[in-house]
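Position 304 (the sequence shown) corresponds to 304 in this note's numbering; numbering is contiguous.
Everything on this sheet refers to the single structure shown next.
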Amino acid sequence: MSFKLGILDQSPIFPGETAVDALKQTVNLAQKAEEWGYTRFWVSEHHHMEQVAGSSPEVLISYLLSKTTTIRVGSGGVMLQHYSPYKVAENFHVLSTLAPGRVDLGIGKAPGGFPLSTKALQFGTVNDGKDFGERAALLRKIIENSIDDIHLLSGIQATPIPPEKPEIFLLGASSDSAQLAANLGMDFVFARFINSDDTKLYEASSAYRSKYPEGRFIVSVAVVAAPTQQKAEELASEHKLFKVHLQSGRTLTVQSREQAESFEKQAGEAYEIEEQNASIIAGTPGYVNGTLKEIQKVFQVDEFILHTPLRREAERIQSFQLLSPLLRGRDQHIEKIQRA
1 MSFKLGILDQ SPIFPGETAV DALKQTVNLA QKAEEWGYTR FWVSEHHHME QVAGSSPEVL
61 ISYLLSKTTT IRVGSGGVML QHYSPYKVAE NFHVLSTLAP GRVDLGIGKA PGGFPLSTKA
121 LQFGTVNDGK DFGERAALLR KIIENSIDDI HLLSGIQATP IPPEKPEIFL LGASSDSAQL
181 AANLGMDFVF ARFINSDDTK LYEASSAYRS KYPEGRFIVS VAVVAAPTQQ KAEELASEHK
241 LFKVHLQSGR TLTVQSREQA ESFEKQAGEA YEIEEQNASI IAGTPGYVNG TLKEIQKVFQ
301 VDEFILHTPL RREAERIQSF QLLSPLLRGR DQHIEKIQRA
């Protein structure tokens with residue numbers, strides 16, 4: 001059974017470079033992803049972070065659509081707790097009118113940043129971030145133009161109405177998020193690069209499939225491919241995750257000690273930082289694809305979104321090129337001929 005591949009790009013700012021460089025590299029990677037046969041190219045939303053430039057996916061998506069011709073481009077994702085569902089629908093209807101059939105709307109529950117940026121994003125509003133389910137449901141109804149007659153917003157439309165609606169995906173890392181996606185009739189993306197506990201992945205897959213079997217269950221994985229197994233493992237070993245344990249019982253996983261310490265300062269409470277090895281599928285293209293096939297089989301996965309958290313641009317580009325769906329298709333064709 002074959003599977004589609006997409007890319008999640010956070011527009012990382014590499015050492016010694018600037019945000020200008022990072023966004024240029026995102027454009028270049030999107031164009032390469034299209035050339036290499038990837039199905040989707042998604043950009044993230046992170047706020048007040050010095051190591052990533054992707055803070056406004058809607059703006060970046062519009063530019064990427066203009067620089068590509070066939071690949072689907074989308075958000076991974078819009079952090080809906082901060083925004084009006086109506087405005088999000090308008091933004092993505094404009095994008096879908098500019099590029100019909102090529103726009104993905106991924107929405108996430110996380111804040112996309114630390115306490116100070118969350119406060120800034122929600123400044124002047126009454127919002128505690130606890131109504132995500134209601135916002136997601138309203139967003140879906142606005143895009144599908146199916147708001148109930150008795151709703152306070154009955155009759156509202158997010159114009160312009162595009163020839164093809166954006167595809168909606170709910171992003172999460174738990175069975176609760178999977179259950180919500182199923183209840184809302186949305187495709188679901190499990191962020192395994194954040195939560196690598198395969199027990200949780202199994203619970204999410206089971207919850208989703210039992211409630212909404214016709215939906216797409218997608219998994220976003222951290223991968224590093226290199227010409228040799230040893231080189232891939234060396235590259236992957238350089239990436240660490242840092243889990244912040246706050247006195248209040250909250251936890252947060254970030255990608256650098258500096259981010260962990262920044263979060264603590266903004267949270268204003270006692271904390272502990274736990275350094276962990278990141279769970280990355282690292283190896284030759286054959287090894288990575290073989291591992292993805294096993295994950296697909298065990299967890300009934302329809303597609304994968306690849307996240308490659310390397311701090312070296314050349315090796316990062318090479319990893320995506322080595323995993324090119326076009327190369328994978330060619331290799332599979334050769335294997336079939338050899339077995340015949």
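Just so you know, even glycine gets a beta-carbon here, dropped at the ideal spot from N, CA and C.
{"Check": "Counted within 10 angstroms of its Cβ, other Cβ atoms place K109 as buried (16 or more) or exposed", "Outcome": "buried"}
{"Check": "Cross-strand partners of T253 (DSSP beta bridge)", "Outcome": "K243"}
{"Check": "C-beta contact flag for F242 and Q296 at 9 angstroms", "Outcome": "no"}
{"Check": "Burial state of I270, where buried means 16 or more other Cβ atoms lie within 10 Å", "Outcome": "Checking the displayed sequence, the identity of residue 270 turns out to be Ala instead of Ile. Exposed is the call here."}
{"Check": "Own chain, CB closer than 7 angstroms to Q25, minus 5 neighbours either side, in chain order", "Outcome": "E313"}
{"Check": "The segment 251 to 259 contacting the segment 225 to 237, beta-carbon criterion three pairs below 8 angstroms", "Outcome": "no"}
{"Check": "Pairwise C-alpha distance: L65 and S196", "Outcome": "31 angstroms"}
{"Check": "Cβ-based burial, L322 [other Cβ within 10 Å; buried from 16]", "Outcome": "buried"}
{"Check": "F320 vs Y38 beta-carbon contact at 9 angstroms", "Outcome": "yes"}
{"Check": "S279 (DSSP reduced to helix, strand or coil)", "Outcome": "coil"}
{"Check": "Residues that M349 bridges to, as DSSP identifies them", "Outcome": "No information on residue 349 is available, as it lies outside the stretch 1 to 340 that the chain covers here."}
{"Check": "Inter-stretch contact (C-beta, 8 angstroms, three-pair minimum) for the segment 41 to 55 and the segment 133 to 145", "Outcome": "no"}
{"Check": "Which residues DSSP lists as bridging I168, in chain order", "Outcome": "L105"}
{"Check": "Chain B within 9 angstroms of V254, Cβ atoms only", "Outcome": "Within the model displayed, chain B is absent; a lone protein chain is all it includes."}
{"Check": "The segment 172 to 188 in contact with the segment 112 to 122 per 3-pair CB rule at 8 angstroms", "Outcome": "no"}
{"Check": "Among F132, S177, S117 and L184, the one whose alpha carbon lies nearest that of S146", "Outcome": "L184"}
{"Check": "Minimum C-alpha distance to L29 - residue among I71, A178, Q51 and F3", "Outcome": "I71"}
{"Check": "Alpha helix (DSSP H) segment containing V223, residue limits", "Outcome": "No alpha helix (DSSP H) contains V223, which is instead part of the beta strand (DSSP E) from F217 to A225."}
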